[in-house]
Amino acid sequence: MFTIFLIALSLSIDSFITAGSLSLKHNKNFWLMSLWIASVFAFFQTLMPLLGFLLGKQFVIYVQEFDHWIAFILLLIVGGKFIFEALSSDDKKIKKLSWKVLATLGVATSIDALVVGLTFAFMEINLFLALVIIAVVTFIISILGCYLGKKLSHKFGSEIEILAGIVLIMIGAKILFTHLF
């Protein structure tokens with residue numbers, strides 16, 4: 003169970019950073035939006051290992067050929083958008099985060115969980131317990147990311163948005179380079 007917790011914690015790091023980045027961008031209904039972000043990220047972090055487990059090695063091998071490119075491109079676009087908006091003269095805040103954007107980020111930050119699900123298929127593991135632990139840890143970590151992101155945005159303003167964009171791009175680059183090299 004401790005190993006599953008560590009796996010869940012490592013899978014949720016990208017969600018933590020992305021949730022923190024998103025919390026920089028919205029003002030209204032902060033806690034409601036944070037719950038929404040955390041729920042979507044927890045959903046995808048739980049769905050992907052389940053898909054990996056159910057669909058097996060054939061599917062993962064097929065996706066592994068380009069999953070790193072998908073994650074890199076999505077995080078590059080979102081990170082670039084954060085940097086562009088921080089450097090623009092307008093102080094735009096997101097009033098409502100669209101389901102499309104949030105789902106895209108949920109998939110991008112949970113692609114590595116698909117491979118974890120494949121490994122679960124070859125282990126003696128209580129899949130239901132593993133998925134519950136992943137969901138709960140990701141949800142809590144994402145809420146924490148939103149909270150810390152909001153606190154930092156009040157203190158550092160647009161500089162933290164630029165940093166968040168750079169971090170998102172670096173996560174994408176890490177995913178890409180890890181798979182390529």
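Residue numbers (the working numbering): 3 to 183. Here a beta-carbon is modelled for each residue, glycine too, at the ideal position from N, C-alpha and C.
Every alpha helix (DSSP H) of 4 residues or more that sits fully in the stretch 95 to 145 is shown, in chain order, as 101 to 110, 113 to 123. Counting the other Cβ atoms within 10 Å of the Cβ of ALA105 gives fewer than 16, which makes it exposed. Counting along the chain, PHE68 sits inside no alpha helix (DSSP H), nor does DSSP assign it H or E at all. Membership of LEU13 in the alpha helix (DSSP H) is indicated by the continuous run 4 to 13. Of the residues assessed, LEU116 falls on the buried side of the cut-off, its CB having 16 or more other CB atoms within 10 angstroms. Using a C-beta cut-off of 8 Å, the stretch 169 to 178 makes contact with the stretch 63 to 83, since at least three inter-stretch Cβ pairs fall below that distance.
Excluding sequence positions up to five before and after LEU133, its CB lies within less than 7 Å of the CB of THR48, PRO51, LEU52, all in the same chain and listed in chain order. ILE168 and THR5 have their C-alpha atoms spaced approximately 31 Å apart.
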